[in-house]
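Comments concern the structure below.
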Amino acid sequence: MASREYNIVVLGAGGVGKSAVTVQFVQGIFLNSYDPTIEDSYRRQMDVDGRSCTLEILDTAGVEQFTAMRELYIKNGQGFLLVYSVTDRSSLQELIKLREQVCRIKDNQHVPIVLVGNKADLGHARTVSFQEAKNLAHNWGTSSFYETSARTAAHIDDVFADIVRQIQKRESAAAA
Ligand code: GDP
Ligand code: MG
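Residue 39 in my numbering sits at position 36 of the sequence shown; the count goes up by one each step and never skips.
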């Protein structure tokens with residue numbers, strides 16, 4: 004059977020590890036360097052619950068300004084990874100506005116979203132607790148929250164499998 008395609012968009016403040024998470028998932032390597040301007044799309048095949056899925060992942064650049072481009076790729080996206088860094092409180096705050104924008108553009112309060120707290124390997128520099136972010140996800144009506152590390156690859160695959168499952172669930176609900 005042909006592999007189904009899923010359009011996933013990675014959003015979040017600059018420097019939280021959007022590119023590193025994406026590249027760790029797609030290529031299995033840790034990106035040490037930081038280029039805030041990179042905006043690129045990647046593909047990877049993944050089996051989710053025994054089904055072959057092709058993930059088309061858009062790694063976006065800074066959320067600093069709200070551009071027409073951003074509006075367009077949010078429109079085209081089916082699932083969204085909202086990434087902050089556990090070492091940067093403001094990056095979590097940023098996601099509150101970002102989620103509102105996504106829901107407004109999709110005209111839906113139940114868009115497939117995973118909340119991703121990256122840089123979990125930097126425990127000594129943590130400023131956002133696990134529970135606090137979990138509560139935010141709960142307020143959004145979701146339990147899809149993971150702390151990840153692009154450096155160690157912890158929970159990276161879980162994040163992508165979760166978003167695929169959410170998209171599949173939405174589609175089967177729409178078809179019913
Ligand atoms: P982006 O602007 O959100 O795409 O951020 P990048 O992926 O470019 O990452 C910004 C910087 O943080 C880079 O120097 C990365 O190597 C580093 N970084 C990203 N993820 C992690 C992580 O999980 N752990 C650690 N220790 N550093 C990370
Ligand atoms: Mg980047």
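For glycine and all other residues, C-beta sits at the position ideal for the given N, C-alpha and C. All figures in this text were calculated on a predicted structure; none of them were measured in a lab.
**Item:** Contact set, ligand 2 heavy atom to C-beta under 7 Å
**Value:** 21, 22, 38, 39, 41, 62 and 64
**Message:** Could you compute how far the alpha carbon of residue 53 sits from the alpha carbon of residue 6?
**Reply:** 11 Å
**Prompt:** Is residue 90 closer than 7 Å to residue 151 when the C-beta atoms are compared?
**Reply:** no
**Message:** So, with DSSP's three-state summary, where would you put residue 126?
**Reply:** helix
**Request:** Kindly indicate which three-state DSSP category residue 14 falls into: helix, strand or coil?
**Result:** Three-state DSSP puts residue 14 in a strand.
**Item:** Bridge partner(s) assigned by DSSP for residue 56
**Value:** 7 and 49
**Item:** Residue range of the unbroken beta strand (DSSP E) whose run includes residue 93
**Value:** No beta strand (DSSP E) contains residue 93, which is instead part of the alpha helix (DSSP H) from 92-109.
**Request:** May I ask you to report which of helix, strand or coil DSSP gives residue 162?
**Result:** Residue state, collapsed to three classes: helix.
**Request:** Say yes only if the C-beta of residue 118 is nearer than 6 Å to one or more non-hydrogen atoms of ligand 1, and no if none qualify.
**Result:** Taking 6 Å as the cut-off, the C-beta of residue 118 does not count as close to any heavy atom of ligand 1.
**Message:** Quick check: the Cα distance between residue 177 and residue 11, rounded to an integer number of angstroms?
**Reply:** Cα-Cα distance, rounded: 19 Å.
**Request:** Check the C-beta distance from residue 167 over to residue 117 and give it rounded, since I have them as a contact under 8 Å.
**Result:** No, residue 167 and residue 117 are not in contact; Cβ-Cβ is about 10 Å, not under 8 Å.
**Asked** What are the boundary residues of the alpha helix (DSSP H) that residue 77 is part of?
**Response** 71-79
**Message:** If you measure between the beta carbons of residue 105 and residue 60, is that distance less than 7 Å?
**Reply:** no
**Request:** Please indicate yes or no: does the CB of residue 107 lie closer than 6 Å to some heavy atom of ligand 1?
**Result:** no
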